[in-house]
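For reference, the structure discussed in these notes is given below.
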Amino acid sequence: MNSSTSSLAVGVNLPAHLVIIKSTQIYNGGSDGFLEQSQASIVQMLGRAGRPGFDTSATAVIMTSSHKQAHYENLLLSPDTSPLESFLEPSLADFLNSEVVLETVSDVSEAIDWTMQSFMHVRSQSSLRSKMPPLYPCSKTLCLQALESLVASARIEYGNDLFSVSGTDAGRIQSQQCLKYATLRAVMQFVEGNESVSTPLLLNLLASEARVPLRRGEKATLTSINKTHLRFRLEGPNGKASIQDDLMKTNLLLQASLGRVTPRDEVLDMEAESCLETAKRVARAALDYAIIRRLGSASVVCYLLWRSLRLRLWEDAPGSLGLQQIDVITEQDAKRLDICGVHTLRQLRRAPWHVIQKYLRCTQEHAEAIHRAASTLLAFQLRLVHHQTAVVGAGASGSVEVIVDQETGAVHDLTGRGCAYDLFVVRSGVLLLAETGIRTPGSFVVHLPQDDEAAPLSVHLLHSKFVGMDNTTEWHQFEPVVKKRATYQSTIPETFFRASGAQPVTHAPTARISHRMHRSPTSESKADAGDAAPILLNLKRFQYVAEPAESSKRAPTTQPSKGTQHAAPPLIPRHEVHVIPPDARRKRRRYAAFNALEDSESALEREFMNFIY
Numbered sequence: 001m002n003s004s005t006s007s008l009a010v011g012v013n014l015p016a017h018l019v020i021i022k023s024t025q026i027y028n029g030g031s032d033g034f035l036e037q038s039q040a041s042i043v044q045m046l047g048r049a050g051r052p053g054f055d056t057s058a059t060a061v062i063m064t065s066s067h068k069q070a071h072y073e074n075l076l077l078s079p080d081t082s083p084l085e086s087f088l089e090p091s092l093a094d095f096l097n098s099e100v101v102l103e104t105v106s107d108v109s110e111a112i113d114w115t116m117q118s119f120m121h122v123r124s125q126s127s128l129r130s131k132m133p134p135l136y137p138c139s140k141t142l143c144l145q146a147l148e149s150l151v152a153s154a155r156i157e158y159g160n161d162l163f164s165v166s167g168t169d170a171g172r173i174q175s176q177q178c179l180k181y182a183t184l185r186a187v188m189q190f191v192e193g194n195e196s197v198s199t200p201l202l203l204n205l206l207a208s209e210a211r212v213p214l215r216r217g218e219k220a221t222l223t224s225i226n227k228t229h230l231r232f233r234l235e236g237p238n239g240k241a242s243i244q245d246d247l248m249k250t251n252l253l254l255q256a257s258l259g260r261v262t263p264r265d266e267v268l269d270m271e272a273e274s275c276l277e278t279a280k281r282v283a284r285a286a287l288d289y290a291i292i293r294r295l296g297s298a299s300v301v302c303y304l305l306w307r308s309l310r311l312r313l314w315e316d317a318p319g320s321l322g323l324q325q326i327d328v329i330t331e332q333d334a335k336r337l338d339i340c341g342v343h344t345l346r347q348l349r350r351a352p353w354h355v356i357q358k359y360l361r362c363t364q365e366h367a368e369a370i371h372r373a374a375s376t377l378l379a380f381q382l383r384l385v386h387h388q389t390a391v392v393g394a395g396a397s398g399s400v401e402v403i404v405d406q407e408t409g410a411v412h413d414l415t416g417r418g419c420a421y422d423l424f425v426v427r428s429g430v431l432l433l434a435e436t437g438i439r440t441p442g443s444f445v446v447h448l449p450q451d452d453e454a455a456p457l458s459v460h461l462l463h464s465k466f467v468g469m470d471n472t473t474e475w476h477q478f479e480p481v482v483k484k485r486a487t488y489q490s491t492i493p494e495t496f497f498r499a500s501g502a503q504p505v506t507h508a509p510t511a512r513i514s515h516r517m518h519r520s521p522t523s524e525s526k527a528d529a530g531d532a533a534p535i536l537l538n539l540k541r542f543q544y545v546a547e548p549a550e551s552s553k554r555a556p557t558t559q560p561s562k563g564t565q566h567a568a569p570p571l572i573p574r575h576e577v578h579v580i581p582p583d584a585r586r587k588r589r590r591y592a593a594f595n596a597l598e599d600s601e602s603a604l605e606r607e608f609m610n611f612i613y
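Structural data, given as structure tokens:
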């Protein structure tokens, strides 16, 4: 016996003596609810009855509602022999757009010829329809109407002779990402209609285009994930964190995939995969359109989310997740490295193998394998040089030369040819430069506009294959120092920063900008000397003053006997700084002094760990 489902109607060959169709309806989700299955699906499932070579007869049972009984009895007694129909007409404009972008169709006559060779035209001219009114209009008329709609939507354009056609940027985006025009129009309206494109808004757009239906039994599981594991918590119309519609469910599945949260449900896992595939194409379309419109902030936001969807990891993921991008690093290894101050792949590739072995307490072979894999990652660094009028084409504000150099200690890897960097230069929300696929060192000249000279220049050098290898630099025209920003996961609790009144101090930026016309050699040497070593915080605020106890008023013993244990006196911190006092009752363990890497993102982190251990 075989219980037929919808999967048996898509080519699965499972013959059986008895086939039972348990229901003739299928759940379509959303407002459609349950719909009747097509006759072709029912007939195909019935065809599974009978085992060739074993049975001379077979039995098929259809379980349906009473008002559909006569319909399926007539289907078995006199099966429908209606011919196949074409569904090209609703999507004719989209198909013609793809042919124009591929340059298969270059003028109106070729578009008409292409339409005449389609099954839609053959079906409309069939003799079976000779005694009936024509189902389709003339193919030539449909083709001309589709071309006019493409021109009106700016997906193609006519030549000077009004006969030849060519694709536009919008048409190429739709064809490359396999999108419907309704989806492309939503992307264009979103990018142009929002002055500040943010990640939550972009997630809502992706969820609306990759929507999956919400089922009743899934609300409890999805709500628990929404309350604990999401980066952007979702709230319904009533302000509660419960998942109430299809849009919220799709948004949650996308965020759960980026946060490496598994719903532990096979159906939800399959739907998450489907959402990711659609969301990647829509995010890429938004990125391409933002670059075409020269929108700098929107381009960076779309790029970061598009890369996160491809890698299934947030751009600022903690080290316990980001370090697992290297295959040889296990989950336990990533957690230990994150605790020891190695939060990103860039920090890991600079660490020697013996330091990795010390942190992980592993074998030398495993530490060398991690060091070898991290060293082969493509790593570039940024350097900016300001030119006043030396570059041809520069205006009164001059130009900035963006130099992309290879980091020291890089190892050439033939298997990493697919890795590359993408460069975005933004000022006042305008995209001044966008270069993709940078695999070799080089330099790029950016001419500075004179509109807003006080606005900072943001340079983003983003890795296309890995998270944690980016370089982001911000330069002010009237400031001589380049501010290098980095995103990392800190090991020190935030309460420690608030209690001590301190801020994490990052190491001095390696990328600097030369102002030969405004700085003297003496000032440059002093600045370079100050950048050579990281700025360390004053350790005196961690000292404690012991208050003398009443029982110790007598003269202290100059030579205390060995093995005598003294009670820990009460400790009073100086300057009212709240830190973690040591526990005198616990025996001091033999912890090795915590030595963070020289390129650690926070000197306060190294100081804090040394104080604890």
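Under UniProt numbering, the very last position in the sequence shown is 613; numbers go up by exactly one each time.
C-beta atoms are modelled at their ideal positions from N, C-alpha and C, and glycine is treated no differently.
For A111 and E266, the gap between their C-alpha atoms comes out near 45 Å. The C-beta distance from Y72 to V187 rounds to 44 Å, too long to meet the 8 Å contact threshold.
CA-CA distance, L162 to V197, rounds to 38 Å.
Under the DSSP assignment, I403 falls outside any alpha helix (DSSP H), being part of the beta strand (DSSP E) whose first and last residues are 399-406. Judged by beta-carbon spacing, H17 lies beyond the 8 Å limit of R48, meaning their Cβ atoms are not closer than that value. Taking each of L77, A154, T24, T141 in turn and checking the Cα distance to S66, the smallest one comes out for T24. According to DSSP, residue pairing for R383 in a beta bridge involves I403. Between V191 and L230, the alpha-carbon positions lie close to 25 Å from each other. In its chain, beyond the 5 residues on either side, A374, S375, L377, A379 have a beta carbon closer than 7 Å to the beta carbon of R349. Every alpha helix (DSSP H) stretch that sits fully inside the segment 304-382 and reaches 4 residues is listed by chain position as 319-322, 331-339, 345-350, 353-360, 364-375. Contact between G322 and V467 holds, since their C-beta atoms are separated by about 5 Å, short of 8 Å. The C-beta distance from T199 to L305 rounds to 6 Å, short enough to fall under 8 Å.
In this structure V402 touches L423 by the C-beta definition: roughly 7 Å separates them, less than 8 Å.
DSSP, reduced to helix, strand and coil, places V459 within a strand of the structure shown. Between the alpha carbons of L92 and C143 lies a gap of roughly 8 Å. R216 counts as exposed, since fewer than 16 other beta carbons sit within 10 angstroms of its beta carbon.
Counting other Cβ atoms within 10 Å of its Cβ, E365 stays below 16 and is therefore classed as exposed.
Contact annotation: A279 and L313 have beta-carbon atoms that are not nearer than 8 Å. Contact annotation: S166 and I156 have beta-carbon atoms nearer than 8 Å. C-alpha of D245 to C-alpha of C302: approximately 25 Å in a straight line. Comparing C-alpha distances from S208 to each of L234, N251, A220 shows the shortest one belongs to N251. Straight-line spacing of the CA atoms in F95 and S139 works out to 14 Å. 8 Å or more divides the Cβ of S299 from the Cβ of L206. Burial check for N74: the Cβ neighbour count within 10 Å stays below 16, so the residue is exposed.
The Cβ atoms of L88 and S118 lie closer than 8 Å to each other. Apart from sequence neighbours up to five positions away, the residues of its chain that approach Q325 with a beta-carbon distance below 6 Å are F466, ordered along the chain. Residue burial is scored here from C-beta neighbours: R336 has at least 16 other C-beta atoms within 10 angstroms and is therefore classed as buried.
The residue from A351, S164, L268 with its alpha-carbon nearest to that of E218 is L268. In this structure, the beta-carbon distance from T168 to A154 falls below 8 Å. Just so you know, the alpha carbons of A317 and G259 end up roughly 8 Å apart.
Non-local C-beta neighbours of E368 in its own chain, meaning closer than 6 Å and more than five positions away in sequence, comprise W353, ordered along the chain.
Take the alpha-carbon of D338 and the one of A272: they are about 28 Å apart. Judged by their CB atoms, L384 and N471 are not nearer to each other than the 8 Å cut-off. In this structure, A286 lies away from L309, with their beta-carbon atoms at least 8 Å apart. In the DSSP assignment, N471 falls within the unbroken beta strand (DSSP E) covering 471-475.
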